[in-house]
Structure formats: C-alpha cells, structure tokens
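S.K.: Protein chains in written order, with our numbering: chain A, 1 to 329; chain B, 1001 to 1272; chain C, 2001 to 2393.
We treat Cβ as the ideally placed atom computed from N, Cα and C, and that holds for glycine.
Owing to the predicted nature of the structure, the values given are computational and were not obtained by experimental measurement.
Quick one: the structure is below, and I'll ask about it shortly.
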Amino acid sequence: MSGYTSNPRIRPQESLPWIIAIAAFFLLPEYLSLGARILVYILFALSLDLILGYAGIITLGHSAFFGLGAYTAGILGAKYGVTDPFLQLIAAAAAAALLGISTGAVILRTKALTLLMLTLAITSIVLEIANKASWLTGGADGLSGVQVAPVLGLFKFDLFGRTAFIYCLVALFFGWLLVRRLIYSPFGAMLTGIRENTARMHAVGAPVYWRLVLVYTLSATMAGVAGALLTQVNQFVGLNVLGLEPSGDLLVMLILGGVGRLYGAFVGPVVYLVAQDYLAKQYPEYWYFGIGVLLIVVVLFARGGILGLFDKWLQALSRQRSSARASAR
Amino acid sequence: MILYVISVGLSVTMGLMGFINLAHGVFAMAGGFILSTAMTRLGLPFPLAVLAAFVVVSAGSIVLERLLYSRLYAAGDLAQVLFSIGLILISMAVARLIYGNLAAPVFLPDYLRGQVHILGRDFPTYRVFLIVFSSLLIAALWFGVERTRWGAMVRAAVDNRGMAQSVGINTRQLFMATFALGSGLAGLGGALGADILPVQWSYPFEHLVYFLIVVAVGGLGSLRGPFVAALLIGVADTACKYWIPEFGAFLIYVATMAILLWRPMGLFGVRA
Amino acid sequence: MRVEKAALAAALLLSAFAASAQTVKIGFITSYSGLNGNLGPYMERAVRLYLKQHEKELGGVKVELLTRDDTGPNPDKARQLAQELVVRDKVNLLAGVIFTPNAMAMAPIASEAKVPFVIMNAGTAVITTRSPYMVRTSFTLWQSSYPLGEWAAKKFKTAYTLVSDFGPGHDSEEAFGKAFSAGGGKIVGSVRAPLQNPDWAAYMQRVKDAKPDALMVFIPAGKTATAVMKNFSELGLDKAGIKLIGPGDITTDEELPNMGDVALGVITVHHYSAAGDRPANREFVAAWKKEYGQSETPNFVAVGAYDGAAIIVEAIRQQKGRLDPDKTMQIFRQWKSADSPRGPISIDPETRDIVQNEYLREVRKVNGQLANVELETLATALKDPWKELQKKK
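Okay, here's the thing in structure tokens:
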C-alpha cells in the first residue's frame, strides 16, 4: 500500500499510460468509443481510490455522484439548450460537489456498516428521483437527444468517437494531476494516517472529520465530472448510471487493479472493460462467474490486485538477482 | 414479513461474527430455487419442500463457511465486502446457467390461496399465513436465545468472544452452527417468499438493499430489531404504495437514513 | 466531419462491392436476458424462418445476422452495441429491438451513419419520428389502446388505468384515456407502476377500493403479465366484478399457458393472435411448429419480426444485395402485403410506420388450451392514431 513517498517527482514510467493512450488513438480507430468509456471509468476509479484507497472509506454509493453529474450534463444539453461542453462539465462538477459536501458532512460521522448503508441509501434515493422525475430525466426511457456543441467550436463529437477519446484523455490528465498532487502532499499523508490509525490521528489533534469531508467532496466532484463526460460522449444518459450496479462494478475494477496505488485505477478499468467487451457478449453468465471467482481469488490471495502482484513479482526478481550476486561473491 | 425471516439470519451472523456478508441474498435465492425444484421435479408437497429448502441451504452454508468464510474473519471490512460481492456474482451466474432467465415457478397449495375474512376486511390468505409464521418464528428464536443454554452461549460469544472462549465455549463450532442457522433461515425466507418475491438469478442483487436496510435499521446482533424494522418497512412500503404511489420506494430510503443518523447502531443494536 | 461520413458510406458501398458473393449484414439487437428476456429468441426465430422460406427470392445473396443482447430496457447498452455494429462490423442494416428506450437511444446512430433501422417490436408512437432511417413493422400502443378505449366506452361507464412507467405505458394510458373519455366514459383513477419489480398487490388493492367497472392494464409483454394476473385474482378483483382489459401485450400467446384459468375472459385488442383464423396465419403457425417444436407457438413479437424480415428481403431482392440506404428506405416506404399472418398490412409512406388491422379478442379455452380468440375486427388499415391526431393540430 503506497500513499506517501518522499519523492513526488514524476518518474519516467509514469508517462507510460499516456503513451499507450495516444498509440491506441492512431492504431485502433474502431475501438475509440470503447476507449473513451475506459477513460471515463479510469477517472471514476481515481475518484473512488481517493476515498477508498487513501482515506479508507468503504462506499457503495459513489454512483450517486457519477449519475448526478451525468444527468446534470444531460438535462442541460437536452432540455435547456446549454450545449457548451465545458459549461456542462462545470455544472456537473458543481452539482456533484454540492451533493458530496452535504451528504458527506452528514454521514461521515458514522462508520463501517452504517456508513455503507447510508451510502447505499443515498444512491438509491438519487436513482428513485431520476426514475420518478421522468419529465426532467426521461425516467426509464432515458434522456436522448443530448446536444453537445463541438469542443472549442471545432471538434464535433462524431460516431467514431475520436473527439470523445481525446476530450476524455485531456480531462483524465487533469484529474490525474490533481490526484497525484494531493496524495504526494502532507494532506495525502494525513489521509493515509487516518486510514491506518484513526485513533492516533485524533490524538495528534488532526481535524479528522473535516479532512474526510473535504476529500469526500473532492472525490464526489471528480466522479461527477466523469459522469458528465460519459453523457457527452454518448449524447445520451439513462438510469444505468445510478444505483448499485455501477458502484459495484467500479469497486471490482479498482480492486482488480489495486487499491491505494495511483495506477490501480488505470489498470483495473482497462482490464475489466476490455475483457467484458470481448467475453460478456458471447457468454454473459460465464462473465459474471469469472468475475466473481476472480474477485474471491484476489481477496484471498492477491489483496493488492494486479499491480500488487506485479510488485511482488518485481520484488521476487530483485531478490533473485541479489541472492545470485551474493552467491557469486 | 419475508424480509424479516431472511434478514434475521443476517443480523445474527453479522452481529455475531462481525462479518459483513452481503451475499445473504444468495442463501435466500437458493432456498427459493430448492423449493421450486422440489415441488416441480420431485413432487414434494409444500411443507416438505419448505423444510427441504431450510435443511439444504443450512448444510450448504456450512460447507461455504468452512472453505471460504472462515479465512476472512480477521480480514477487514473491505475484504469481506468484496468477498461477498464475488460470491453474489458467482451464484448469480450459476443460477442463470441452471435455471435460465425465468423466475422459478411456484404453485402455492390451494389451502394457502385466496382470501380470509378477518374483522370485516378481506386479506390474502398467504400473506396472513406469512405474518403468523414469522411471529411464531420470532417467538421460537427469542425463546431459543433467551432461555436456552445454546442461546446464552451465543449471547456470550457476541458480547465478548475472547472471554467466552476462555470460559470453555467452543466458539468455532458455535459460529458454524449459528451461521448455518442464519443461512438456513434465509433459505426458508426465500422459499416462503418465492411467490411474492419471485426467485430469479438476479435476486441477490435486487433485494440486497432491502436486506441491509432491515439489518442496519434493526440493529446488528439483535433478534427483535430486524423484526421491528421489517414490520416497519413492510407496512410503510405498502402504505406508501397505496396512498402515494408516485413516491414508491423513495420514502423507505429517506426513512432509513433518518433512523440511521438518529441511531447509528440501529433501533435495537447490541454492539457498541 | 463530412469526410468521415463519405468515408463511411464509401466503405459500406465498397464492402458491398468487394464481397464476391453479395453479403448483407444485419445488426440484430434484441433482448435475450433481463426483463422479459425470453422474447428475443421469438424475434430471431421469426427472422430466420422467413429467410429460410424465401431463400430463392434472395437470389444468391447471403444474409448474415449479427445478433446482440441488449439485456432488457437498457438504452445505454443498446446504443453502444449499435455503434459498434455500425463502426466495427459495418452492417448494412440495423434491426430488432424490443424496448422503446433502446430504440430511441439508437436513433441518432441510424441517422448519423445512414443505416436503415427496422424496428420489429418497440411500440411507442413517437419513435419513428426520431430518425428518417427508421421504419417499423410491429405496432404502436395507440393502434391497440385507442380502439380499445372506443370499444370500452360503449360497454363500461368507469375505468381505472394501471400501466408501467415508461414510453409504451404512457402511450397506452393516454390513448385509452382519450378514446374512453371521448366516448363518454369516466377514468376514475390512473397509476404508473415502476418498470422493475413493482409490488402489484398494493396497486390492486387501490384499484379494488376505487370500484371501477373495468381495469385497463398495460405492462411489458410476457412474465410481468402473469404476475399481474395472479395478483388480480388473489386480491379478489375478478369476484368484485371488475373486468380486466388491455392491449394484447397482457395476454401474449406464449405466456397464456403459464397464466392458468385466471386469464379466462380477459378482453384485449391487438393486431395479432396465434389463434387468428386466416390461411396465412395457419401456414405461419404450422411452419413455426414444424421448425421449432409442436409445443411452441409464435406471438406478436414473432410476427413483427417476420414481417420485418419480409421488407428486408424485398429490399435485397430489388437491389440485388447492393443496398443503398436511401433507396432501401424508399422501398420500405412503399411496401404492402395482403398476406401477413396478421392480415393485410402496409407501411405508411409519410410516417414510415405500420398500417394494419386491430382485432377484439377474448381469452377462451380452445381444444383445452387457452387462446386469444379473435371476435371481431375493430379497425381496418388503421394508421397510428397518435400521428393522425398530431396532424390535425
């Protein structure tokens, strides 16, 4: 579990994800809309990692912010003629932030199951509202015809998803920068402290509660932006962005990649969504089964997810090398 | 009321073992499927089939507990949540493979259908039966926990596991037995409720929120709590749908939040 | 972006040219799982049956059906599948779709990529206005619910409506309400139930207390109907003298055996019943049983797909497998058939929607089995009433 290292300089390996993304743009033109979705989920996963991996808050209700952001952008674009993509993003971020701070302030006083329940209740409420207020949200029919003006007046959101891909990539970049700065700062250290040993943090006089609310709100805002991005990419928003399922899916993605390590949020969604694209269409039952088994295996044997395994493998390699060196002397 | 039967087991296992088991709905679903299969394929009469559901699910849960759950007792909340989600996914996939897309067909025996006339109003017979049954169940459970030695041991173990062990109580066996009971109750609930809450492959996820609400609101480790909670929720839900159908499930969630914020440990919570 | 569209169109044409044996790819999206997910196979079987029966007309052109599961009323997924089919698999046509939300979400893709989209089920009236490349061969809820309302006004004084809360439900409620009131009836109450997992008992109790002469119900066709029927009788509404009526979605032919005797006497209005007494239908049902098993029966979903396949085959035949999107839509618009299993049908060239007869049916026992027996033809060559009303505005 990493969180705070004394070296916040950007290491060369960290440019890898961006290089891969740009390569994908040129080499896989037919898969760009899938790519855009992956990018959106990476941003969403980053937001969850912030509170789950770093602050230790277990929540199944993160879809509430995602969905709120998605619907805000959708409603503005479909019903109120606000089509500028950046305006839509800002509005979504604001709405999600508002929900984040208001609910966070209320529920973060509780812990464990109670907290989990409350997060579930909140996302269920948002789902119900979206379902019932069909005059605004389209209800079960979803909101189609979301107008999104071309980015910077030049790049229209097209069928192939090219504009969408680059647009999401840029958004993700900023999100990533933000999270990175956060966790490599004293604030990040405090989060890790809260996660590892809350009692001690209280003893040291750290304002635990307000720090948690702050990070929760930040996380909610990011999730809201991710939701809005999804709506803009699809020019459509439906009830599936809310409720237990996206929260659960996201949790699985993050665990797969590795919680509490910045890049777990990158690896997880890529692996999950690509595998799903490939396998779930043909054999949906086997897909669920496979993911369930994988999850249990990860929980029992590979708590750190894919990146955790990768780390262990690297460690084993370096141990081999040093023992080889030692025996050579 | 079905919520109660299913959830009381969850309250006990979660309160007792401190294990966040979201997969409780899986046992309920299993119970429902077993009932259906027993009645349609094996031709068992209703009461026997219900009993079969209870027994088979209990036994199955013991296997699961030995193999998987026991490894995760000390593993921390997140791991337990994830594990139970994984279990849900697997069981949903298996259910879909075996039973396909459809809800398990359930045919109630004739003596449980139709209506009874009580106090000047007609009530569906089956629902009356369920209420009566749940009341008997809670009476039996209460008796078992408050008055018997086994119950005393369970309570002791819930309050302070270390102490209970040093007094010579075999907590491991106790946990196993209690888990089996809790899961069996879930299976029972699923079977009895199969007519009203159709049992299909997506069952555990669909009703997860409800089970958790009943347990969280009722309070972990308590028997009365989930009963009251289930009663409250059942009544409120039906009343809302009757008087203001536009709001549906909405009010349940709001009420849950209100109660949990007022009393984070649930109405009758035992754990501090 | 016009360059992209031209490139896409060129690619489509090229792929049509390049194949030595002409192949027409159809992106077939329907529901094999999820809510009422047992209906997807009916669509697919109907299409395959038609293609098999009319192989000669294809003149050597190969038809490739790329099937995809949208897992129920899931507009997001449907849209994603459609987009992939068009961009990755380069299909010539899109077809299928059971649920309205899915069709609506797919509309912009059909328009942007200029891919003709044959809707074989989804019944909300407004769908076909969402894209000039959509054509519908199934039905609209107004077509069934409006005549139902007209008929009901003559028999009942008061009615209560209970519908599922999504597009088709709203349509059915509005259509019935309008016709019923216009005919002098009074709607004493109307309720919209959530699409997923509603608790019907509470709603039924409400209806019972309102004491209407008739209860008009619309829910998605299939398993949901059985649950509604059960609750209807369990709460004693039939004994209280309330008559259950609705569009034919509530008594689909394949679900009737599961409903049991509680469905006897239910009156519905619809464009197709497997028990319909017409030579074309008798042949259709016989062919279905022969191909898929004696205990199987087609239903209205199958018929929508069957006729959908018919217009596709016609388009292929006329263009010899080289499908131009606009020419295809032209052919679709002018299509007529006197011999569909449901009777004479045609496509309205203005609205690209289906024009057909509506029949009044009652559930009766025929040879020991429950069936929707057609009593009379309520409407002939009926265009979608909603669109007609829109024109008058």
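Can you give me the C-alpha to C-alpha distance between A2201(C) and R1127(B), rounded to a whole angstrom?
M.R.: Whole-angstrom Cα-Cα distance: 11 Å.
S.K.: Which two residues bound the contiguous beta strand (DSSP E) that contains S2346(C)?
M.R.: Here the beta strand (DSSP E) through S2346(C) covers G2343 to D2348.
S.K.: So, is the C-beta of M1(A) closer than 9 Å to a C-beta in chain B?
M.R.: Because M1(A) sits at a pLDDT of 40, beneath the cut-off of 50, its placement in the model cannot be relied upon, and the following sentence gives the value as read from the coordinates. Cβ-Cβ to chain B under 9 Å: no for M1(A).
S.K.: Taking the runs of the beta strand (DSSP E) that are 3 residues or longer, which of them lie wholly in the stretch 2148-2182 of chain C?
M.R.: Whole beta strand (DSSP E) segments, 3+ residues: 2158-2164.
S.K.: I need the DSSP call for T2297(C), collapsed to helix, strand or coil.
M.R.: Here T2297(C) sits in coil by DSSP.
S.K.: Does the stretch 65-84 of chain A come close enough to the stretch 146-156 of chain A that 3 or more CB-CB pairs lie under 8 Å?
M.R.: Flag = yes, the stretch 146-156 of chain A and the stretch 65-84 of chain A touch.
S.K.: Please report whether the beta-carbon of V1228(B) lies at a distance below 9 Å from any beta-carbon of chain A.
M.R.: Not closer than 9 Å to any Cβ of chain A, the Cβ of V1228(B) fails to qualify, so no.
S.K.: Compare the C-alpha of A275(A) against each of Y288(A), V213(A), G264(A) and A64(A) and name the closest.
M.R.: With distances taken between Cα atoms, A275(A) lies closest to Y288(A).
S.K.: Against chain A, with Cβ distances strictly below 9 Å, would V2118(C) count as a contact?
M.R.: Cβ-Cβ to chain A under 9 Å: no for V2118(C).
S.K.: Please classify G3(A): is it buried, with 16 or more other beta-carbons within 10 angstroms of its beta-carbon, or exposed?
M.R.: Reliability of the predicted coordinates at G3(A) is poor, the pLDDT of 44 falling under 50, and the value obtained from them is presented with this limitation in mind. That one is buried.
S.K.: In chain order, which alpha helix (DSSP H) runs of at least 4 residues are fully inside the stretch 237-311 of chain A?
M.R.: Counting only runs of 4 or more, we get 244-257, 264-275 and 284-301.
S.K.: Which residues in chain A sit within 7 Å of L2195(C), going by Cβ to Cβ distance?
M.R.: What L2195(C) touches in chain A: A140.
S.K.: Short of 7 Å in beta carbon distance, which residues of its chain neighbour K2327(C), apart from the five on each side in sequence? Order them along the chain.
M.R.: Q2319.
S.K.: Taking C-beta to C-beta, are I1213(B) and T1256(B) nearer than 9 Å?
M.R.: A contact, by the Cβ cut-off of 9 Å.
S.K.: Around the C-beta of F86(A), are 16 or more other C-beta atoms found within 10 angstroms, so that it is buried, or is it exposed?
M.R.: Looking at its Cβ environment, which holds fewer than 16 other Cβ atoms inside 10 Å, F86(A) is exposed.
S.K.: Taking 9 Å as the threshold (C-beta atoms), are L159(A) and V2118(C) in contact?
M.R.: Not closer than 9 Å, so no.
S.K.: Could you pull out every unbroken alpha helix (DSSP H) segment of at least 4 residues lying fully inside the stretch 2255-2313 of chain C, listed in chain order?
M.R.: Runs of the alpha helix (DSSP H) inside the stretch 2255-2313 of chain C: 2256-2259 and 2279-2292.
S.K.: Which of the three DSSP states is assigned to A41(A) in this structure?
M.R.: For the record, residue 41(A) in the displayed sequence is Tyr; it is not Ala. The answer is helix: DSSP assigns Y41(A) an H, G or I state.
S.K.: May I ask you to report which of helix, strand or coil DSSP gives G1218(B)?
M.R.: Three-state result, G1218(B): helix.
S.K.: Rounded to the nearest angstrom, what separates P2132(C) and A2107(C) at their Cα positions?
M.R.: Rounded to the nearest angstrom, the two C-alpha atoms are 9 Å apart.
S.K.: Would you please verify whether the beta carbon of Y4(A) is less than 9 Å from any beta carbon of chain B?
M.R.: With a pLDDT of 43 at Y4(A), under the threshold of 50, the modelled position of that residue is not reliable, and no figure is offered here.
S.K.: Unbroken alpha helix (DSSP H) runs of length 4 or more, entirely within the stretch 2201-2246 of chain C: which are they?
M.R.: Fully enclosed alpha helix (DSSP H) runs of 4 or longer: 2223-2234.
S.K.: Would the stretch 57-65 of chain A count as touching the stretch 2108-2128 of chain C if we require 3 or more Cβ pairs under 8 Å?
M.R.: Verdict: no, contact absent.
S.K.: Closer than 9 Å, CB to CB, is M1257(B) near chain A or not?
M.R.: M1257(B) counts as touching chain A.
S.K.: Give the interface partners of I1090(B) over in chain A, defined as CB-CB distance under 8 Å, in chain order.
M.R.: Simply Y288, F289, G292, V293 and I296.
S.K.: Can you list, in chain order, the residues of the stretch 1070-1086 of chain B whose Cβ is nearer than 8 Å to any Cβ on chain A?
M.R.: From the stretch 1070-1086 of chain B, only R1071, L1072, A1075, D1077, L1078, A1079, V1081, L1082, F1083, I1085 and G1086 have a Cβ closer than 8 Å to chain A.
S.K.: So which of I1138(B), S1036(B) and F1083(B) has the shortest CA-CA distance to A1192(B)?
M.R.: Note that residue 1192(B) is Leu in the sequence shown, not Ala. Nearest option by C-alpha distance: S1036(B).
S.K.: Quick one, which of M2229(C), Y2160(C), S2346(C) and N2372(C) has its alpha-carbon nearest I2311(C)'s?
M.R.: When only C-alpha atoms are compared, the closest one is S2346(C).
S.K.: Quick check on A55(A): does DSSP put it in helix, strand or coil?
M.R.: A55(A) falls in the coil class under three-state DSSP.
S.K.: Buried or exposed: where does K2052(C) fall if 16 or more other Cβ atoms within 10 Å of its Cβ makes it buried?
M.R.: Exposed.
S.K.: Is R1271(B) helix, strand or coil when you go by DSSP?
M.R.: Confidence in R1271(B) is poor, its pLDDT being 46 and thus under 50, which makes the residue's placement unreliable; the coordinate value appears in the next sentence. Looking at R1271(B) - three-state DSSP - the assignment turns out to be coil, as it is neither helix nor strand.
S.K.: Would you say the stretch 2137-2147 of chain C touches the stretch 2366-2384 of chain C, given that touching needs at least three Cβ pairs under 8 Å?
M.R.: Touching, yes.
S.K.: Going by DSSP, name the residue or residues bridged to D2353(C).
M.R.: Partner(s): D2348(C).
S.K.: Could you please give me the residues that DSSP links to Q2369(C) through a beta bridge?
M.R.: Answer is V2366(C).
S.K.: Tell me whether D2238(C), by its Cβ, gets closer than 8 Å to a heavy atom of the ligand ZN.
M.R.: With respect to small molecules bound, the structure shown includes none, and the ligand ZN cannot be examined in it.
S.K.: Helix, strand or coil: how does DSSP classify T1956(C) here?
M.R.: Missing from the structure shown is residue 1956(C); chain C here goes from 2001 to 2393 and no further.
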